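For the sequence shown, position 179 (counting from the first letter as 1) is numbered 914 according to this note's numbering, and the numbering increases by one without interruption.
All C-beta atoms in this analysis are idealised placements derived from N, C-alpha and C, irrespective of residue type, glycine included.
Note that the coordinates shown come from a computational prediction; the quantities given were computed from them, not determined experimentally.
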Amino acid sequence: MAKEFVVTPWEVRGEIDYNKLIERFGTEPIDEELLKRIETAAGGLHPLLTRGVFYSHRDLNWILDEYEKGNDFFLYTGRGPSSEVHVGHMLPWVFTKWLQDSLGVKLYFQITDDEKFLFRDFQNLEESQRVGYDNALDIIALGFDPSKTRIFLDSEVIRTLYPIALRVARRITFSTVKAVFGFTHSNNVGEIFYTSIQAVPCFLESVLQGENVPCLIPCGIDQDPHFRIARDVAPQLGYYKPALIHNKLVPSLQGMHAKMSASIPASAIFVTDDPQVARENVMEAVTGGGATVEEHRKYGGNPDICPVYHYYAYFFDWDEDHLKKVNETCRTGERLCGDCKAELADRVASFLETHQEKRKEARDKLQDFILTEEELSELEKA
Ligand code: TYM
């Protein structure tokens, strides 16, 4: 019998069958033909596409049609500031930056401090805001173009978001959110309302421009349920349905049965970790290797079920030839898990050192990226 797994924005449990998830959510796989179209538009393909990490979508063909016609579209993605940022969160953002650079498009980046307060990650909203601004440094450190990127905290621009959220909320029943998210009578009413807020940026550019602008959302597949609802509501409000492109989830350091999760620190590499601590965590990671060195040498390992291999493929090794070699020499048993982890640990430590430097520099750039009510009302008037 197939193993059960659960994927919602707030809970990911069990070993995920990503093809089944496509069926369950009703999304489309990214096939060769679509990859070719993306390649033509973007002038190349990011390894996260060729490696099948971004693997599912909704209406991406339509976005490419619009792009080919020379029509505008914009990107929208986000962060729920519950803690420090980990490498899993960064993955869709790295890809979003590639899309922005390759296609020259505008990006709205929503930081949902309200969500993390409502879902009880924090005792008070101020703490959630503080973490939100701190996470913004990690986003900026990735090198987004400030002239095309607006980052906002929900609570700071709620005056503009609220009228749009109300129009969305009026069209979502409790039955819908109960069916989609599994809410019960013990969920608070803010949680029940929350999807209306995450839906708003899908329509924000259309509201500001006074005409419909298509929206593409790069995100982990776990966030899709919010946007399924947003897509249902969009035509009723006279807007386009948002399009999506979904990534698979970076697994836990402790095994493929779980995702890298901020709520289980030993599962994750946080981008603010001391490089030495991260190094030690990587050396503790579970692998797909043999039980003993002798067995490994004799039968080889299995990268398909190895979190360490997935870290190479998802984030720490963009060189195809090198990755292929890691894969092959693992399978033949030539490459030992200890050596493989040591090399990954070096890559992780060097990434962290560079990122943390850029993060320091990001403090001075914060004002260039943060969207305010003043700017929004100027944009709306224009
Ligand atoms: P959050 O902060 O949980 O996650 C931020 C982004 O990271 C993705 N993600 C992962 N991707 C790969 N591997 C993982 N282990 C992993 N864990 C999380 C998420 O899918 C997400 O894309 N409610 C949202 C914030 C939000 C948002 C959005 C996200 C608001 N608007 C629009 C995406 C698009 C949240 O809490 O994300």
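- Contact check between the region 787–806 and the region 944–953: three or more CB pairs, one atom from each, fall below 8 Å, which counts as touching.
- For Thr847, the shortest separation between its Cβ and any heavy atom of the ligand TYM lies below 7 Å.
- Within the same chain, Ala1048 come within 7 Å of Arg786 by CB-CB distance, once the 5 residues on both sides are set aside.
- Taken in chain order, the complete alpha helix (DSSP H) segments of 4 or more residues contained in the region 965–1000 number zero; there are none.
- In terms of Cβ geometry, Ser837 and Gly778 form a close pair [threshold 8 Å].
- Note that the region 767–781 does not touch the region 902–911; fewer than 3 beta-carbon pairs, one per stretch, sit closer than 8 Å.
- Three or more beta-carbon pairs drawn from the region 803–819 and the region 841–860 are found closer than 8 Å, and the two stretches are therefore classed as touching.
- His821 has its alpha-carbon roughly 20 Å from the corresponding atom of Ala1077.
- Non-local beta-carbon contacts of Gln1011 in its own chain, meaning distances under 8 Å to residues more than five positions away in sequence, involve Ala1084 in chain order.
- Contact annotation: Val985 and Phe1050 have beta-carbon atoms nearer than 8 Å.
- The criterion of a C-beta distance shorter than 8 Å is satisfied by Tyr753 and Lys983.
- For Lys841, the uninterrupted beta strand (DSSP E) segment begins and ends at 841–846.
- For Gly761, the closest alpha carbon among the candidates Phe1104, Pro960, Ala1026, Arg1094 is that of Pro960.
- Ser890: not part of any beta strand (DSSP E); DSSP gives it neither H nor E.
- The criterion of a C-beta distance shorter than 8 Å is not satisfied by Leu853 and Tyr974.
- Pro1042 is positioned such that its CB atom lies closer than 8 Å to that of Leu988.
- Residue nearest to Asp1039 within the set Ser996, Val1021, Leu826 is Val1021 (criterion: CA-CA distance).
- For His781, the secondary structure class from DSSP, reduced to helix, strand or coil, is coil.
- The region 1090–1097 makes contact with the region 869–880: 3 or more CB pairs, one atom from each, lie closer than 8 Å.
- In the DSSP assignment, Cys1065 falls outside any beta strand (DSSP E) and within the unbroken alpha helix (DSSP H) covering 1055–1067.
- Short note on Asp957: C-beta closer than 7 Å to some heavy atom of the ligand TYM.
- The beta carbons of Gln835 and Asp889 sit no closer together than 8 Å.
- Shortest gap from the CB of Tyr975 to any heavy atom of the ligand TYM: 7 Å or more.
- Per DSSP, the continuous beta strand (DSSP E) segment holding His792 begins and ends at 789–793.
- His981 is a Cβ neighbour of Ile956, given a cutoff of 8 Å.
- In this chain, Tyr1047 is not harboured by any beta strand (DSSP E), its DSSP state being neither H nor E.
- Cβ-Cβ distances below 8 Å link Met825 to Asp873, Leu877, Val1006, Phe1050 in the same chain, with the five nearest sequence neighbours on each side left out; the list follows chain order.
- Here the distance from the Cβ of Lys1076 to the nearest heavy atom of the ligand TYM is not below 7 Å.
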